[in-house]
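Residue numbers (my numbering), protein chains in the order written: chain B, 1 to 120; chain G, 121 to 507.
Beta carbons are placed, not taken as given, at the ideal position from N, Cα and C, and that holds for glycine.
Here's the structure we're looking at; comments come further down.
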Amino acid sequence: MMRGRAIFSGTAEGEVVKCARPVVILGDIDPRAGTVEGCGSIAGKIFVFPRGAGSTVGSYTLYALRYYGTAPAAIIVEEAEPIVVAGAIISEIPTVDGIDISVLKTGMRVRVKNNEVEII
Amino acid sequence: MYLTREEERVLNGEQGSAKAKMLRILVKMGEVLGAERLIPVSSAQISGVSYRTIGDAGLHFLRSLKDASVVVPATLNPIAFDEEHIGEMEVDDVMYEKQMAIVNAYVDMGVKPTMTCTPYYFDNVPRFGEHIAWAESSAVIYANSIIGARTNREGSVSALASAITGKTPEYGLHIEERRKATHIIEVDFEMRSEHFPLLGLYIGREINGIPYLRVRGDEDDFKLMGAAMAASGSIAMYHVEGFTPEYRGALHDEVERITVEEKELADLAGTVDNVELVAIGCPHVSGAELRKIAEFVKGRKKRSDVELWIFAARSTIERHASEVKIIEEFGGVVMKDTCVVVSNAGRLYKRIATNSGKAALYLRKSRFGGAEVMVRELYTLLRSVIA
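Pasting the structure below:
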């Protein structure tokens, strides 16, 4: 069990899709397809990445994932920055930061509950 | 983070769910960024207005806030076109309708449809020392550096959240000590107008902090420099010795030194033959710039093989009708509400000359059309379009 900080509280369980590099939210994410360049499909998954980068309009890209029905079940980041904070809250995606993501690998199953992350 | 009773009540939804959500964003941002409390702001400048960038999802979100309204003066960034020039800009019906719907969603919340990146001239003028929450990086750096107002580089959503709640987390440039110089820039050649936007591009690329400069120029030179600096990197403030309001006491012993050579700037200027479009006004032109342009082109004729597009705030255009008339008689077009970056210009024209380092940076990217772009100073550009 790992504990971080809840950015948007909620509960979710699913398969990890991890990007090892910072994700340029506006640019790397295709919200209609629900995919992240170089990392695959995130729809309904637990989307894990170190931090967001690029234009602040990226918050609307996270909202677009919700709008097009391709949102991840939860987001886990090492460090939330303003793009992810605002994006997670407006799109109501359970999001936790302050997690050491090196132990999380694509394909693992995890449970997110508010500020807790558990590998199952 | 410390919250007042009033803020707690807003978070609990006593003033509606939209306002609660907006305040929650600011509180979480404050926690993440190490703020101890929220502070009041006196105005907001909002980005995230172009249908091209926020799309249908953005419009949907803005409409979901319809019960909320702004509690401080709030102004809006440029949109994808000037309504009076949709022909030249090849705006289709869908783009037109969606873009207008976005503007209307903001207007419904009480945001002023100023559609400019230079609110600081007439529409939303902050005073020295005022705390504000502005998005639009070129306006942020102008407000902090040239006016001495205090804002971080807000995002589209956080600036809107501040407009609706009247608050921002207290961190970064809201705090006096965080406004000191981190780097000193040594320029080892004589600065001329053409160098300012290029110096901005260079500094933004090289450093992340608050540069201190010892160069001479006017407000428009520094506007172009700052916009370029904010676009090529994440700088939100600079000091100019003897010019900007907070340069005294901004330097201390530990600052890093960066030396800039003229040839490094020349590489950033680029060269383009057979230019199709000369674009001026990124950021939107000042009254002084409009006057310079009008004086230069008065009574002359424009070459027919090149277009001259000038972008300004509608509030600036209204105050300079005679200059605008002279420029239009010359054959130039003065556009409001939009700019060379957020409009279709970069897709319609592939060889562009501009005095804006920021415009050059964006227009060269494939996402904005991938045009060939060169940066020259104002009078060089104007001479190049005379028949």
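Next item on the list: Check the Cβ of alanine 80(B) against every Cβ in chain G and list those closer than 7 Å, keeping chain order.
Entry: Numbered from its first residue, the first sequence carries residue 80(B) at position 80. Ordered by position in chain G, the residues that pass the 7 Å Cβ test against alanine 80(B) are Val152.
Margin query: Quick test of the definition: if touching needs 3 or more C-beta pairs under 8 Å, does the stretch 297-307 of chain G touch the stretch 105-113 of chain B?
Written below: no
Check: Which chain B residues sit within Cβ distance under 7 Å of glycine 329(G)?
Finding: In the second sequence, residue 329(G) corresponds to position 209, counting from 1. Here the premise fails: no neighbours, minimum Cβ distance about 18 Å.
Note to self: 8 Å is my cut-off, CB to CB: does histidine 251(G) come that close to chain B?
What the structure shows: Looking up residue 251(G) in the second sequence gives position 131. By this cut-off, histidine 251(G) is not an interface position.
Next item on the list: Report the residue from Ala221(G), Gly353(G), Ala263(G) whose alpha carbon sits nearest the alpha carbon of proline 239(G).
Entry: Numbered from 1 along the second sequence, position 119 holds the residue referred to as residue 239(G). With distances taken between Cα atoms, proline 239(G) lies closest to Ala263(G).
Next item on the list: Might you give, ordered along the chain, the residues of its own chain that have their beta carbon closer than 7 Å to the beta carbon of valine 36(B), omitting 5 neighbours on each side?
Entry: Residue 36(B) sits at position 36 when you count from the first residue of the first sequence. Same-chain partners within the cutoff: Cys19, Val23, Asp28, Ile29, Ile42.
Notebook entry, point to check: What are the complete beta strand (DSSP E) segments, minimum 3 residues, inside the stretch 130-189 of chain G?
Noted result: 158-160, 164-166
Next item on the list: Quick one: residues in its chain with C-beta nearer than 7 Å to the C-beta of glutamate 151(G), no 5 flanking neighbours on either side, listed in chain order?
Entry: Within the second sequence, numbered from 1, the residue matching residue 151(G) stands at position 31. The answer, listed in chain order, is Met121.
Notebook entry, point to check: Run through DSSP, which three-state label would methionine 494(G) get?
Noted result: Reading the second sequence from its first residue, position 374 is the one you call residue 494(G). Strand.
Note to self: Check this for me: beta carbons of valine 392(G) and alanine 507(G), under 8 Å apart or not?
What the structure shows: In the second sequence, residue 392(G) corresponds to position 272, counting from 1. In the second sequence, residue 507(G) corresponds to position 387, counting from 1. The answer is no: Cβ separation not under 8 Å.
Item checked: Neighbouring residues, chain G, relative to isoleucine 25(B) (Cβ below 9 Å) -> Residue mapping note: residue 25(B) aligns to position 25 of the first sequence, counting from 1. Simply none; closest approach about 11 Å.
Margin query: Distance cutoff 8 Å, beta carbons only. Does serine 59(B) sit that close to anything in chain G?
Written below: For the purposes of this step, residue 59(B) is taken as residue 59 along the first sequence, with counting starting at 1. Answer yes: the Cβ-Cβ gap between serine 59(B) and chain G drops below 8 Å somewhere.
Check: What does phenylalanine 488(G) reach in chain B if we use C-beta pairs closer than 8 Å?
Finding: Sequence index remark: in the second sequence, residue 488(G) carries index 368 (1-based). Chain B residues near phenylalanine 488(G): none, gap ~12 Å exceeds 8 Å.
Margin query: Tell me which residues share the same chain as alanine 509(G) and place their Cβ nearer than 8 Å to its Cβ, disregarding the 5 neighbours each side in the sequence.
Written below: An answer regarding residue 509(G) cannot be provided, because it is not within the stretch 121 to 507 covered by chain G.
Check: If you pair each beta-carbon of the stretch 411-428 of chain G with each one of the stretch 365-376 of chain G, do three or more pairs fall below 8 Å?
Finding: no
Notebook entry, point to check: Comparing alpha-carbon positions, which option in Asp425(G), Ser162(G), Glu381(G), Ser504(G) lies nearest asparagine 244(G)?
Noted result: Along the second sequence, one-based indexing puts residue 244(G) at 124. Ranking the options by Cα distance to asparagine 244(G), first place goes to Ser162(G).
Checklist line | serine 278(G) vs leucine 146(G) beta-carbon contact at 8 Å | finding: Numbered from its first residue, the second sequence carries residue 278(G) at position 158. Numbered from its first residue, the second sequence carries residue 146(G) at position 26. In contact: serine 278(G) and leucine 146(G) (Cβ atoms closer than 8 Å).
Margin query: Please classify aspartate 202(G) as buried or exposed, where buried requires at least 16 other C-beta atoms within 10 Å of its C-beta.
Written below: As a first step, residue 202(G) must be located in the second sequence, where it is residue number 82. Flag for aspartate 202(G) reads buried.
Notebook entry, point to check: Does the stretch 337-354 of chain G come close enough to the stretch 468-487 of chain G to have 3 or more Cβ pairs within less than 8 Å?
Noted result: yes
Margin query: Using the Cβ count rule (16 or more neighbours within 10 Å means buried), how would you classify tyrosine 1(B)?
Written below: For the purposes of this step, residue 1(B) is identified with residue 1 of the first sequence, where counting begins at 1. For the record, residue 1(B) in the displayed sequence is methionine; it is not tyrosine. Exposed, because fewer than 16 other Cβ atoms sit within 10 Å of the Cβ of methionine 1(B).
Next item on the list: Can you pull the chain G residues whose beta carbon is under 7 Å from the beta carbon of alanine 64(B), in chain order?
Entry: Looking up residue 64(B) in the first sequence gives position 64. Those are Gly175, Ala177, listed as they occur along chain G.
Check: In chain B, which residues lie less than 8 Å from lysine 343(G) when you measure between Cβ atoms?
Finding: Within the second sequence, numbered from 1, the residue matching residue 343(G) stands at position 223. Neighbours of lysine 343(G) on chain B: none; closest Cβ ~21 Å, over 8 Å.
Margin query: Using C-beta distances below 7 Å, list every residue in its chain close to isoleucine 267(G), excluding the 5 sequence neighbours before and after it, in chain order.
Written below: Looking up residue 267(G) in the second sequence gives position 147. Only Tyr240, Pro246, Phe248 meet the Cβ criterion.
Next item on the list: Enumerate, from N- to C-terminal direction, the unbroken beta strand (DSSP E) stretches of 3 or more residues contained entirely within the stretch 362-395 of chain G.
Entry: 376-380
Item checked: lysine 478(G) - containing alpha helix (DSSP H), residue span -> Position 358 of the second sequence holds residue 478(G). Element bounds for lysine 478(G): 477-483.
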